[in-house]
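*Asks:* Basically the numbering used here = 1-based index in the sequence shown + 28. For every residue, glycine included, the Cβ atom is placed at its ideal position computed from N, Cα and C.
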Amino acid sequence: MSSQIKRPEETRKKQQFTDMNPEGKSSDGTCPPLKASVSHPGDLHQPTNASSDRSSKTQLQLFSAPGAAAHDSGNTRGLHACPSLATMTIHVEGLVAIALFYVLILFVGIWAAWKNKHSGEAQGSDRSETIMVGGRDIGLFVGGFTMTATWVGGGYINGTAENVYQPGSGLAWAQAPFGYALSLVVGGLFFAKPMRSRGYVTMLDPFQQLYGKRMGGLLFIPALMGEIFWSAAILSALGATLSVIVDMDIKMSVVISALIAMFYTLVGGLYSVAYTDVVQLFCIFVGLWISVPFALTNPAVADITVTAVKEVYQSPWRGSVRKNDTWVWIDNFCLLMLGGIPWQVYFQRVLSASSATYAQVLSFLAAFGCIVMAVPSVLIGAIGASTDWNQTSYGSIPPREKDEADMILPIVLQHLCPPFVSFFGLGAVSAAVMSSADSSILSASSMFARNIYQLAFRQSASDREIVWVMRITIFVFGGLATLMALVTGTVYGLWYLSSDLVYVIIFPQLLSVLFVKGTNTYGSVAAYLFGMILRIGGGEPYLQLPPFIYYPGWTTEKRMHHITKEMEEVVIQKFPFKTVSMLASFLGNVAFSHLAKYLFESGKISYKYDFLEAVVSKHSGEIMDKTTLVTRSNNIGLSEMVSVKPRLSVTLAAAFTRRDTLPKETVEEEEEEESSPDSSHHDEE
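1) Please report the distance separating the alpha-carbon of Ser467 from that of Leu611.
2) Would Leu747 and Tyr550 qualify as a contact pair, given that the criterion is a beta-carbon distance under 8 Å?
3) For Thr607, which of Val403, Ile534, Phe291, Val544 has the nearest alpha-carbon?
4) Quick check: what's the CA-CA separation for Asn144 versus Tyr299?
5) Classify Ala777 as helix, strand or coil using the three-state DSSP reduction.
6) Assuming Ala642 and Gly347 form a contact by the criterion Cβ under 8 Å, report the distance between their Cβ atoms to the nearest whole angstrom.
7) With DSSP run on the structure shown, which of helix, strand or coil describes Ile159?
8) Which word fits Ser20, buried or exposed, when buried means at least 16 other C-beta atoms lie within 10 angstroms of its C-beta?
9) Closer than 7 Å by C-beta to Leu441: which residues in its own chain qualify, once you throw out the five before and the five after it? Chain order, please.
10) DSSP puts Thr584 in a beta bridge; with which residues?
11) Measure the alpha-carbon distance for Ser382 versus Val373 and round it to whole angstroms.
12) Okay, do the stretch 477-496 and the stretch 156-164 touch, 3+ Cβ pairs below 8 Å being the bar?
13) I'd like the list of long-range same chain contacts for Ile411, defined as Cβ closer than 6 Å, with 5 residues on each side in sequence excluded.
14) Whole angstroms is fine: what's the gap from Trp142's alpha carbon to Lys221's?
15) Tell me, to the nearest whole angstrom, how far the beta carbon of Trp355 is from that of Pro604; I am working on the premise that it is less than 8 Å.
16) Is it right to say Thr174 is buried, meaning 16 or more other beta carbons lie within 10 angstroms of its own, or is it exposed?
17) Quick check on Pro427: buried or exposed, where buried means 16 or more other Cβ atoms within 10 Å of its Cβ?
18) Could you check whether the stretch 278-289 touches the stretch 561-571, counting it as contact only if at least three pairs of C-beta atoms, one from each stretch, sit closer than 8 Å?
19) From Thr293 to Gly506, what distance separates their C-alpha atoms?
20) Taking the alpha-carbon positions, what's the Leu508 to Val283 distance?
21) Give the single residue among Trp201, Thr501, Gly631 whose Cα lies nearest to the Cα of Trp357.
22) Taking only the alpha-carbon atoms, compute the straight-line gap between Arg164 and Leu212 and give it to the nearest angstrom.
23) Where Thr325 and Pro446 are concerned, what is the direct C-alpha to C-alpha distance, given to the nearest angstrom?
24) If I'm right that Leu210 touches Met365 with Cβ under 8 Å, what's the distance once you round it to whole angstroms?
25) If we call anything under 8 Å between Cβ atoms a contact, is Ser613 one with Val532?
26) I need the boundaries of the alpha helix (DSSP H) containing Arg332, first residue and last residue.
27) Do the CB positions of Leu309 and Thr176 come within less than 8 Å of each other?
28) Do the stretch 521-531 and the stretch 257-264 touch if we need at least three Cβ pairs shorter than 8 Å?
29) Going straight from the alpha carbon of Thr335 to that of Gln342, what length do you get?
30) Would you mind reading off the limits of the alpha helix (DSSP H) that contains Glu339?
31) According to DSSP, is Val229 helix, strand or coil?
32) Where do the N-terminal and C-terminal ends of the alpha helix (DSSP H) with Cys311 fall, by residue?
33) Over what stretch of residues does the alpha helix (DSSP H) that includes Thr354 continue unbroken?
34) Would you report the Cα separation of Lys636 and Val553, rounded to the nearest angstrom?
35) If you measure between the beta carbons of Gly172 and Leu379, is that distance less than 8 Å?
36) Nearest to Gly409 by alpha carbon, out of Ile633, Tyr193, Tyr626, Gly187?
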């Protein structure tokens with residue numbers, strides 16, 4: 029767990045600030061509403077305007093009370109100038125709800141850390157590995173919840189409701205629920221079992237095993253970017269949400285939220301993340317399902333079964349896909365389905381399962397959970413599309429005409445439900461969103477501590493040293509995400525681009541390293557470059573990154589830039605270039621790997637030019653020892669590599685080769701070999 033620059037909805041949101049006079053009021057003398065913008069991986073590429081480019085990725089909104097305060101990437105120019113904003117009273121019910129749920133999540137996180145503080149000790153597991161993968165004893169109940177929480181969070185439910193509500197978009201373009209459900213199914217069928225059965229600790233382990241530590245470092249870059257930018261986006265939106273509900277300063281609320289998430293993550297690692305995920309999903313489920321009956325039975329709401337197919341107050345919420353948008357729809361859906369797999373937040377849960385079979389079952393349970401958790405959001409979006417807003421306290425102008433379609437979920441909760449139901453729902457979802465950032469911070473710190481610090485620089489590092497590196501990086505990455513949430517105006521654009529790079533770079537390489545024999549570091553480098561160039565070549569308007577590759581079917585349109593407020597001509601790519609980039613990256617890896625192997629082994633190129641030590645080197649310091657990293661029963665295609673000299677410490681070897689996860693016959697075989705005379709003679713030499 030995106031939007032392109034100057035998405036139509038972004039233009040409308042930012043235009044509010046251009047219409048403000050120096051005193052912070054809009055042209056009609058009223059104060060602008062506060063909106064907290066956030067994108068979620070589960071809501072990528074979903075349009076919010078029928079006339080807009082369907083390749084636009086929806087910029088999702090967390091909720092805030094409509095008509096509160098304006099927030100634009102930390103810019104509070106109009107907050108203190110507007111009298112109604114400066115004197116806004118604290119909502120006591122909102123404050124109580126937020127405090128209750130925050131205390132609950134913090135308590136659960138600390139309790140989980142205390143309860144499992146000795147986990148893994150009986151099996152001889154390192155403390156660092158316990159923090160990363162929870163001692164590999166996460167059961168079905170907690171595992172099912174935390175796996176579902178991989179994608180289900182505040183952005184997921186708000187974005188689904190928004191897309192169902194938007195006229196011309198509707199349910200047809202709310203791709204996240206089915207896209208990410210299928211992502212979990214595909215991950216469970218093909219990726220969960222080989223990753224868990226081989227005892228890996230992070231997603232990057234197989235890459236470093238086959239392609240070397242330098243290539244692992246390169247692949248760490250897009251993975252890290254995705255985790256950090258997502259955390260920044262969620263914190264930015266959450267801060268604005270809290271500033272409305274409890275009238276807190278935006279910066280203070282962001283810092284407090286980040287500190288709470290970092291604290292229990294640092295104390296309990298994956299255990300705290302997993303157990304707080306249970307609370308998170310429970311809060312969302314109960315909060316929304318309590319609200320739906322009240323909203324459905326409100327006198328202002330028409331029959332949603334009628335408004336699904338007939339125009340009553342707006343176009344039918346069922347939606348449709350126009351013919352010229354078909355390829356974009358497919359491209360976006362493939363990105364959700366396949367691009368949702370190569371994320372550490374997903375494999376973090378897979379590798380924490382108590383067995384490979386459990387890892388598969390958890391993926392399937394989470395797929396079901398994604399669909400179930402989306403149902404109340406779909407209903408709320410449909411309710412918003414079926415409401416005569418003139419009969420509500422919201423006013424006669426519908427949210428879509430006030431450019432507040434992105435706020436439809438909190439608007440429905442606030443104006444169609446009793447106050448106690450509204451505050452319970454808003455408070456629950458607010459606290460749940462705060463819990464969504466913790467796993468991304470833990471994922472980033474896990475990959476850095478293990479795959480960069482330990483495997484690339486300090487192979488002899490002690491377990492205590494690795495634990496301290498993780499603790500430090502949790503604060504560093506969490507602080508970096510918090511800083512970006514407060515000061516940068518391009519965090520969403522960076523997140524959208526990095527999430528695409530995960531899809532076009534990491535996913536094809538994950539396919540290659542697990543299922544394709546014969547790939548090597550040369551092919552991996554070529555695939556990395558192909559995917560990056562083809563994706564960046566398509567442009568990213570949100571970052572003012574113009575395309576230098578114009579794919580078939582491209583068009584242009586005038587849009588206002590979200591920062592400069594200037595009108596500019598933006599290129600819209602109608603071609604499914606992201607999926608094409610992914611396929612080109614995969615084919616490039618296979619082709620260049622076999623080409624490099626042929627050139628070196630045939631003598632066309634001298635062995636001395638194998639500078640990556642990936643084809644013919646006998647004692648590579650780059651390629652990880654296969655007997656150290658995986659068990660002998662694996663079927664990863666490593667036969668093309670000459671045996672390499674073990675260079676890693678015994679502690680590091682134990683981290684990769686978990687004896688308690690190995691088949692009994694494999695353990696017995698290793699014990700026999702260790703006690704054989706030949707083995708002793710070899711050791712003496």
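*Replies:* In this structure, then:
1) 29 Å
2) Residue 747 lies beyond the residue range present for the chain, which begins at 29 and ends at 713; the question has no answer from this structure.
3) Ile534
4) 7 Å
5) Past the boundaries of the shown model lies residue 777; the chain is included only from 29 to 713, so the question cannot be answered.
6) With 8 Å as the limit, Ala642 and Gly347 do not qualify as a contact, their Cβ atoms being about 49 Å apart.
7) helix
8) Outside the displayed span of the chain (29 to 713) sits residue 20, for which this structure offers no information.
9) Close CB contacts of Leu441 within its chain, under the 7 Å cut and outside five residues either way in sequence, are with Ser319, Ser450, Gly453, Leu454 (chain order).
10) Val599
11) Per the coordinates, the alpha-carbon of Ser382 lies some 17 Å from the alpha-carbon of Val373.
12) yes
13) Ala323, Val329, Val440
14) A straight-line Cα-Cα distance of about 30 Å links Trp142 and Lys221.
15) 5 Å
16) buried
17) Per the 10 Å Cβ criterion, buried.
18) no
19) 10 Å
20) 11 Å
21) Trp201
22) 19 Å
23) Taking the straight line from one Cα to the other gives about 12 Å.
24) 5 Å
25) Against a cut-off of 8 Å, the Cβ pair of Val532 and Ser613 comes out as a contact.
26) It is worth fixing the name first, because residue 332 is Ile in this sequence and not Arg. Element bounds for Ile332: 332-335.
27) Yes, they are a contact pair.
28) Contact between the stretch 521-531 and the stretch 257-264 is present: 3 or more CB-CB pairs across the two stretches fall below 8 Å.
29) Approximately 8 Å, taken between the alpha carbons.
30) It is not in any alpha helix (DSSP H) - Glu339 carries neither H nor E in the DSSP assignment.
31) Residue state, collapsed to three classes: coil.
32) 298-324
33) Unbroken alpha helix (DSSP H) run through Thr354: 354-367.
34) 19 Å
35) Contact annotation: Gly172 and Leu379 have beta-carbon atoms that are not nearer than 8 Å.
36) Tyr193
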